[in-house]
Amino acid sequence: MARFIQGEDRQQVTLLPECLDDYIGEDNTVRIVDAFIGELDMVTLGFEGATPASTGRPSYHPTIMLKLYLYGYLNRIASSRRLERECQRNVELMWLTGRLAPDFKTIADFRRDNSAGIRNVCRRFVLLCRDLKLFSQALVAIDGSKFKAVNSRDRNFTNGKIDKRQQQIEESIQRYLSALESADRTQPVELEAKTLRLKDKIARLRQQMQELEVVRQELKTQPDGQISTTDPDARSMATSAKGSGMVAYNVQVAVDAKHHLIVAHEVTNIGHDRTQLSPMAQSAREAMGKKKLQVVADRGYFSGPQIKACTDVGIAVVLPKPTTSNAKAEGRFDKADFIYIKRDDEYQCPAGKRAILRMVSEERGMMIHRYWSSACPSCAMKPQCTPSAYRRISRWEHEEVLDAVQHRLENSPESMTIRRRTVEHVFGTLKGWMGYTHFLTRRLEHVGAEMSLNVLAYNFKRVLNILGFEAMMKAMRLVGA
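Everything in the sequence shown is counted per this note's numbering, starting at 558 for the first residue and increasing by one.
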């Protein structure tokens, strides 16, 4: 092997072994992980086992376990079994943990038992970002995305799914019974293997029918009409693709528009975003320490009460209103063609007539005012307006809040572009780190801890890219302050 670089002899003995620290470069990211976690007060953050018991076998300190997990998620190693193996062969982890090598059960139990502590560490890092003045713009983008749960679609039940499955089972039973009858007539007595197989299949299918009936009875106790047997908190949710869906969790994030840092996040098992705007916006404002905040979101968040709740606390919302009427598509006048006259509390129609207030009703907790004009039946423009006898116009009692949202959107048409480039790549990054697969844990609380570790690792990498190694190492002194 002449003219090639030669390695050392495996049997060579060294008189003075090298120090473990010599293997870790001075600018290695693992040193920042060690500095950040080492400054945290584990008792205050709510980690179990931070104060050891006076008896029993000593446990691993939460600081060691959290260092292990943060390193793992920074390097796309989320599995407890893989982390166990890495502790035994990865020099960086040997340096970080002091050559400790917890078994996979201990590693998994730490993540399961310390959901609150892990979320508090994630919040603490966001506060550090605020102290570093990284949230100079009072603008965030809010969005949600479905992340697969460990529960498969076949283990999620609704009444519709049970009806469809029972119909398939009944058809299979009838097919096997017909095959069994045919076998009894034509098959020799000494060849009974096929008959026994058919009878066994029929028995199993009937057992499945009984199990489905038990599940149907359990469904009556569920407020949302769903049962997931593997992960009871997971829910079947629709996705953007038509006619598709998955058993998943809905992950909500609020992302800073300047540095694309995740300032707030939440994991829910609600399949839509309509009730998430105000909670996420207020969480983002609190995390960023801003008195006023502007939030951009997509049309899935459009909800009158949610927008008003944001307006009441000084949060300006920008989002498009979903189109629910077919009038424009069918060539008729849309609601936007009617002019509201605030002084008289009336609408002026395209024909110049006045639609006056006729009635007030409550719908889904909202007071709705309805207007129409007496001139509708004799109006020459009626075919362009409505197929009904009268064109009724509905107005929420706080409609001016929605008008202000539309006005802001018209004055800042780039808002939706900002939203897209701010928040959507964050979900792409997180799902890429997870390998486009499902969560590793079950139940909403534990899934929330798993997502918090992903968010902490994401923000950690972002800040390192923004500040650089030296500045971030100096910033770690703020953590324990």
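Don't be surprised by glycine CBs; every beta carbon is placed ideally from N, CA and C. Just so we're clear, the structure is a prediction, and the values are computed from it rather than from any experiment.
- Taken through DSSP and simplified to helix, strand or coil, E919 comes out as strand.
- Around the CB of L623, 16 or more other CB atoms lie within 10 Å, so the residue is classed as buried.
- Counting along the chain, T601 sits inside the alpha helix (DSSP H) bounded by residues M599 to L602.
- A straight line joining the alpha-carbon of F714 with that of G909 spans about 55 Å.
- In this structure, the straight-line span from the alpha carbon of R889 to that of C906 is close to 12 Å.
- Measuring C-alpha to C-alpha distances from N632 to each of K815, A673, T586 and D660 identifies T586 as the nearest.
- In this structure, V875 is the residue among T943, V875 and P659 with its C-alpha nearest to the C-alpha of L959.
- Closest in alpha carbon position to W953, among P934, Q941, T974 and L914, is L914.
- Using a Cβ distance threshold of 7 Å, L834 and Y858 count as a contacting pair.
- In the DSSP secondary-structure assignment, G701 is bridged to Q809.
- Ranking T880, K849 and H817 by CA distance to the CA of T979 puts H817 first.
- Contact annotation: Q694 and L769 have beta-carbon atoms that are not nearer than 7 Å.
- Annotated three-state conformation of R949 is coil, per DSSP.
- Per DSSP, R792 is not a residue of any alpha helix (DSSP H); the beta strand (DSSP E) it occupies stretches across R792 to A795.
- When C-beta atoms of the stretch 994 to 1013 are compared with those of the stretch 667 to 686, three or more pairs fall below 8 Å, so the two segments count as touching.
- When the Cα atoms are used, V697 and E575 turn out to be separated by approximately 49 Å.
- Measuring C-alpha to C-alpha distances from A866 to each of M837, E887, I898 and K705 identifies M837 as the nearest.
- DSSP places Y904 in the strand class (E or B) of the three-state scheme.
- For S972, the secondary structure class from DSSP, reduced to helix, strand or coil, is helix.
- The DSSP-derived three-state label of G782 is coil.
- Taking the Cα positions, F1026 is about 18 Å away from R687.
- In this structure, the beta-carbon distance from M794 to K703 falls below 7 Å.
- L1001 and V707 have their C-alpha atoms spaced approximately 12 Å apart.
- For the pair A592 and M1033, the CB atoms are nearer than the 7 Å cut-off.
- The beta carbon of E903 sits closer than 6 Å to the beta carbons of R911 and I913 from its chain, once the five residues preceding and following it are set aside; these are given in chain order.
- A Cβ-Cβ contact shorter than 7 Å links Y947 with C933.
- In this structure, the straight-line span from the alpha carbon of V808 to that of V683 is close to 18 Å.
- Here I594 really is in contact with L627; their C-beta atoms are around 7 Å apart, less than 8 Å.
- Counting only runs of at least 4 residues, the stretch 612 to 640 fully encloses the following alpha helix (DSSP H) elements, listed from N- to C-terminal order: 619 to 631.
- Within a 10 Å sphere around the beta-carbon of G674 sit 16 or more other beta-carbons, which makes this residue buried.
- The beta-carbon separation of V804 and S945, rounded to 42 Å, does not stay under the 8 Å limit for a contact.
- Contact between I819 and R842 is ruled out by a C-beta separation of about 15 Å, above the 8 Å threshold.
- Residue pairing of L850 in beta bridges, as defined by DSSP: I872.
- W929 is bridged by DSSP to I913.
- Taken through DSSP and simplified to helix, strand or coil, N671 comes out as coil.
- With the rule of 3 Cβ pairs closer than 8 Å, the stretch 845 to 856 counts as touching the stretch 960 to 976.
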